[in-house]
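Mind the numbering: the sequence shown is residues 1 to 206 in UniProt numbering, read in order. We treat Cβ as the ideally placed atom computed from N, Cα and C, and that holds for glycine. Since the structure is predicted, the reported quantities are computational estimates derived from the model, not experimental observations. A short worksheet on the structure shown next.
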Amino acid sequence: MQRGRVIAYASRKLKPHETRYPTHDLELGAVVFALKKWRHYLYGDRCTIYTDHKSLRHIMDQSNPNMRQRRWLDIVKDYDCEILYHPGKGNVVVDALSRKSVDSSTPTKCMRIAVDNLLVSLIRDDQVEGMRSENWKLERIKGENTRFKQDSRGLLNRCGRVWVPMSGGVWQTVMEEAHKSHFSIHPGATKMYRDLSLNYWWPCMK
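And the structure:
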């Protein structure tokens, strides 16, 4: 999440041997799964992890962790992250996501992680380049750029949606995250457009 808005979701089915893990290990494993999945966003930047498992807040102080936990803790230590408790009953969207499965009897586990500043920074940098007059034709924003307004994060918005420049790499990142969305098993173009258009804008989006 960023500023209270979800950037991406991720979930996966438990492997057969993982169904025998204690709850504490499942929760820690979910954290590690999320950190690995979004390493390109999170590594080297500050991030916040919300969990509905209280004991994870003190995971680094745990005495006598087992070998699996030690291996996972070594991964967590690579990141500058803060773990905060968030009651499970408040995670209604994520809870619904974890129940979306082809076979509802198959146990699943998902994790929501807050992505802080990296995506904003990438978009901001690409916007600076895109606003150069020599890039207006490529960006197709001549005449549109006067409608942009800057928000509190320094991002240019059009009608309340963040402008994503086409010439930089962040456009591909936004598309990839939308394509990997687990709201639907195989998100189609129409649904992807609908999801993206809630927060982002670029010319000829559809």
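Where residue i falls: helix, strand or coil (DSSP)
i, result
"E18", "helix"
"Q172", "helix"
"E144", "coil"
"Q150", "strand"
"L119", "helix"
"E139", "helix"
"D78", "coil"
"V164", "coil"
"L84", "strand"
"Y193", "helix"
"S133", "helix"
"L198", "coil"
"L155", "coil"
Cut-off 6 Å between Cβ atoms - residues of its own chain near residue i, not counting five sequence neighbours on either side
i, result
"A10", "K37"
"S28", "Per the sequence shown, the amino acid found at residue 28 is Leu instead of Ser. Excluding sequence neighbours, L28 sits near W72."
"C81", "C47 and I49"
Local Cβ density within 10 Å of residue i, reported as buried at 16 or more and exposed below that
i, result
"Y193", "exposed"
"Q172", "exposed"
"D78", "exposed"
"Q150", "exposed"
"D126", "buried"
"Y43", "exposed"
"L84", "exposed"
"L119", "buried"
Rounded Cβ spacing between residue i and residue j (contact assumed at less than 8 Å)
i, j, result
"E139", "P165", "6 Å"
"G154", "R124", "6 Å"
Interface flag, residue i vs chain D, CB-CB below 9 Å
i, result
"T173", "As a matter of chain content, chain D is missing from the structure shown, which is built from one protein chain."
Sequence-distant residues of its chain with Cβ nearer than 8 Å to residue i (five each side left out)
i, result
"E129", "N135, P165, S167 and G168"
"H86", "Y50, T51 and D52"
"K142", "W136"
"I75", "V32, L35 and K36"
"R161", "S197, L198, N199, Y200 and W201"
"C204", "R140"
Neighbourhood of residue i by C-beta, 7 Å cutoff - its chain only, sequence neighbours within 5 removed
i, result
"S55", "H24"
"W163", "Q127, F148, L156, N157, W201 and W202"
Residue ranges of each beta strand (DSSP E) within the region 18-60, 3 or longer
46-51
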